[in-house]
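**Student:** Letter by letter, the sequence shown follows residues 53 to 310 in my numbering. A single structure is presented below for examination.
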Amino acid sequence: MTTLAKFDPKELEAKVKAMYRSVAEEPNGEFHFEMGRKLAERLGYAPADLDQIPAEAIESFAGVGFYFHLADLKAGETVVDLGSGSGMDTFVAALKVGAQGKVIGIDMTDEQRAKAERLRDRDGFRNVTYLKGYIEAVPLPDALADVVISNGVINLATDKRKVFDEAARLLKPGGRLVLSDIVTEVQLPETIVCNSTLWAACIGGAAQQDNYRGQIEASGLRMIKTEDNPAYQFISDNARGASRKFGVKSISLLAIKP
Ligand SMILES: C[S@@+](CC[C@H](N)C(=O)[O-])C[C@H]1O[C@@H](n2cnc3c(N)ncnc32)[C@H](O)[C@@H]1O
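Next up, the structure:
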């Protein structure tokens, strides 16, 4: 089981929202993690794709890996992005699924959605919509999505199984869950799990990697592929220390709904 934080979930939610409000509104501030175009290119995003989406969404990109090669999105597909932030991945997905396809981003932080919506309207991404909601209880019907994507988000959830159950519910049979996230090689000690700042910075909530994959399979999805993303590195000393000591790392993975 994932270790649950001993702090108040409402306090944690407030901290996570405050951090990602800053990511939307002050992307050049100081964070435990890297953001922006240099990171995106190093992780594997094609410059030609990044050139076609809003630069401000790229500035606030706080993902942890690249997974579009695993997603293999096709024209006309419906994609749901769990924790869509300022929208970078929703815009990249929109390029791939085209005008006949649909991309729906879910995020609980109002400032992230507001920024993504403003950029969508300004740049005419008509196939993208955003919904306010929690990834643990997505306000969408069953079997809607060909693909569920997520980047750097599920580590922030205290109940990861609930999120994977939602992904499984949203997918059509044969649909794909494709994501990048932070996991650990060894279980984190309570001193780190109970540090809400490290949790909000995508470290404290990271699950041990076998446990993470086990929870995906327990939700009825079949694991197909997992890759490490060594190009992703934390930047603050605190975060780097934890990362070295406990094998905190970024992975991308593909799972299928049978
Ligand atoms: C690290 S950012 C990543 C955002 C985006 N995927 C990207 O790559 O830039 C995490 C995002 O997940 C959202 N988030 C975190 N926990 C959430 C939850 N339980 N329900 C909905 N959104 C959540 C935050 O508001 C934030 O926008």
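Where a beta carbon is used, it is the ideal one built from N, C-alpha and C, also for glycine.
Report the option in A258, S232, Q285, D289 whose CA atom is closest to the CA atom of K277.
**Tutor:** In the sequence shown, the residue the question calls residue 277 occupies position 225. Restricting attention to A258, S232, Q285, D289, the CA atom closest to the CA of K277 is found in S232.
**Student:** Is G204 helix, strand or coil when you go by DSSP?
**Tutor:** Here residue 204 refers to the residue found at position 152 of the sequence shown. For G204, the three-state secondary structure derived from DSSP is coil.
**Student:** As a quick exercise: from M275, R274, G299, pick the residue whose alpha carbon is nearest that of F286.
**Tutor:** Along the sequence shown, read from residue 1 onward, the residue named residue 286 stands at position 234. When each option's Cα is compared against that of F286, the closest is G299.
**Student:** Return the CA-CA distance between D217 and A258, expressed in angstroms with no decimal places.
**Tutor:** If you number the sequence shown from 1, residue 217 lands on position 165. If you number the sequence shown from 1, residue 258 lands on position 206. One C-alpha to the other measures close to 18 Å.
**Student:** For ligand 1, any of its heavy atoms closer than 8 Å to the Cβ of Y186?
**Tutor:** Position 134 of the sequence shown, counted from the start, is the residue given in the question as residue 186. Yes.
**Student:** Drop a sphere of 10 angstroms on the beta-carbon of L240, count the other beta-carbons inside from all chains shown, and report buried for 16 or more, exposed for fewer.
**Tutor:** For the purposes of this step, residue 240 is taken as residue 188 along the sequence shown, with counting starting at 1. That one is buried.
**Student:** Could you tell me which of L208, A197, I201 sits nearest to K67, measuring between CA atoms?
**Tutor:** As a position in the sequence shown, residue 67 is number 15, starting the count at 1. Of L208, A197, I201, the residue nearest in Cα terms is L208.
**Student:** In whole angstroms, what is the alpha-carbon distance linking I255 and N290?
**Tutor:** Along the sequence shown, read from residue 1 onward, the residue named residue 255 stands at position 203. Along the sequence shown, read from residue 1 onward, the residue named residue 290 stands at position 238. Straight-line Cα distance between these residues: approximately 10 Å.
**Student:** Should G293 go down as buried or exposed, given a rule of 16 or more other Cβ atoms within 10 Å for buried?
**Tutor:** Translated into the one-based positions of the sequence shown, residue 293 becomes position 241. Classified as exposed, G293 has fewer than 16 neighbouring CB atoms from the shown chains inside 10 Å of its CB.
**Student:** Can you check which of these residues, A168, L222, G176, R174, is closest to I187 by C-alpha distance?
**Tutor:** Sequence index remark: in the sequence shown, residue 187 carries index 135 (1-based). By alpha-carbon distance to I187, the top candidate from A168, L222, G176, R174 is L222.
**Student:** Less than 8 Å between the CB of D217 and some heavy atom of ligand 1, yes or no?
**Tutor:** Walking along the sequence shown from the start, residue 217 turns up at place 165. Exclusion of D217 from the 8 Å shell around ligand 1 follows from its C-beta lying no nearer than that to any non-hydrogen atom of the ligand.
**Student:** Please list the terminal residues of the continuous alpha helix (DSSP H) segment that includes I52.
**Tutor:** With the chain covering 53 to 310 only, the question about residue 52 has no answer from this structure.
**Student:** Hey, would you say D311 sits closer than 9 Å to N203, going by beta carbons?
**Tutor:** The first residue shown for the chain is 53 and the last is 310, placing residue 311 beyond what the model contains.
**Student:** Name the two residues that bound the continuous beta strand (DSSP E) containing Y72.
**Tutor:** Start at 1 with the first residue of the sequence shown, and residue 72 comes out as number 20. Careful: Y72 lies outside any beta strand (DSSP E), inside the alpha helix (DSSP H) at 61-77.
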